[in-house]
Amino acid sequence: MTFAWARTAAAAAVMATLALAACNKGPATVDETADVNARAAQFFLTNNAKAEGVKTLPSGVQYKILQSGPAGGESPDRNDLVRVEYEGSLTDGTVFDSSFERGQPAVFTLGTVVDGWTEALQHMKVGDEWVVYLPPEKGYGEQGQGPIPPNSVLVFRLKLLDIARAPGGETGVGSANG
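So the sequence shown is residues -21 to -1, 1 to 157, counted in mature numbering (1 follows the signal peptide of the UniProt record, and there is no 0).
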C-alpha cells in the first residue's frame, strides 16, 4: 500500500533532521531526531485519519478493515492466547518484520505485546484482517526498537487467525469490548 503523502511526510522528516543537524554544525542528537519524528508522526496520523475507511479509536490507534471474518466471530481478551499473521512497517513502507514472509503465524498472549496490538486485536474478530496504525506511544515510543526509530508510527497488517481462551475456560481480564 503506497500513499504519496506518506512519502512526502517521510521526506519532510528527513529534511527537518538534516536542517537541524546543519544548524548545529554536527549530526542531529537522538533527542532532536525523536522530536522531528514526533512531529512527522502527528502529521501522518492527522492526515491518515481523513483517509477513506480509516477509523480512530479513543486512544489514537487507527485502523482500516481489509476483510471481515464470519458474523458472530469471537474477539480476544487481554489474557487470551492468539494466533496472528502480521507484517510491520514504517510509514515509508520499510518492512521490519513479517510472519507472512516467514510463513509462520505468531502465537502470543495479548498482554505481552505493544499496547497498540493488544488494543486493536481486542476489537478484531477471528478472520478479520486490518491495517493498524499505531501512534508512537502505542508502539515503541521515544526509545524505538532495533530498526524502528524513536517516535515512529508503526503500520501493521494484522490477520487474527485463532483465539485460545485464558486457562480455566474463562475470558481474560481487561477486554476493550466491555
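All C-beta atoms, glycine included, are put in the ideal place defined by N, C-alpha and C.
Next on the checklist: Does GLY95 come out as helix, strand or coil in the three-state DSSP assignment?
Outcome noted: Residue 95 sits at position 116 when you count from the first residue of the sequence shown. Shown here, GLY95 sits in a helix according to DSSP, grouped into three states.
Next on the checklist: What does the alpha-carbon distance come out to for the pair GLN122 and ASP141?
Outcome noted: The sequence position of residue 122 within the sequence shown is 143, counting from 1. The sequence position of residue 141 within the sequence shown is 162, counting from 1. In this model, GLN122 and ASP141 are separated by some 31 Å (Cα to Cα).
Item to check | Alpha-carbon spacing of PHE22 relative to GLU11, whole angstroms | outcome: Numbered from its first residue, the sequence shown carries residue 22 at position 43. Numbered from its first residue, the sequence shown carries residue 11 at position 32. The alpha-carbon atoms of PHE22 and GLU11 are separated by roughly 17 Å.
Item to check | Supposed close pair VAL132, LEU113 - CB separation, criterion 8 Å | outcome: As a working mapping, residue 132 is identified with position 153 in the sequence shown. As a working mapping, residue 113 is identified with position 134 in the sequence shown. Contact holds; Cβ gap of about 7 Å.
Checklist entry - Roughly how many whole angstroms lie between the Cα atoms of PRO37 and GLU116? => result By one-based count along the sequence shown, residue 37 stands at place 58. By one-based count along the sequence shown, residue 116 stands at place 137. PRO37 and GLU116 have their C-alpha atoms spaced approximately 13 Å apart.
Item to check | Residue from ARG81, GLU64, VAL63 and GLY106 whose Cα sits closest to the Cα of PRO49 | outcome: The residue given as residue 49 occupies position 70 in the sequence shown. For PRO49, the nearest C-alpha among the options comes from GLY106.
Next on the checklist: Using a Cβ-Cβ cutoff of less than 6 Å, which residues in the same chain neighbour VAL86 once the five nearest sequence positions on both sides are dropped?
Outcome noted: Here residue 86 refers to the residue found at position 107 of the sequence shown. Only ARG62 meet the Cβ criterion.
Checklist entry - Count the other CB atoms within 10 Å of the CB of GLY125; is the residue buried (16 or more) or exposed (fewer)? => result Residue 125 sits at position 146 when you count from the first residue of the sequence shown. Exposed: under 16 other Cβ atoms inside 10 Å.
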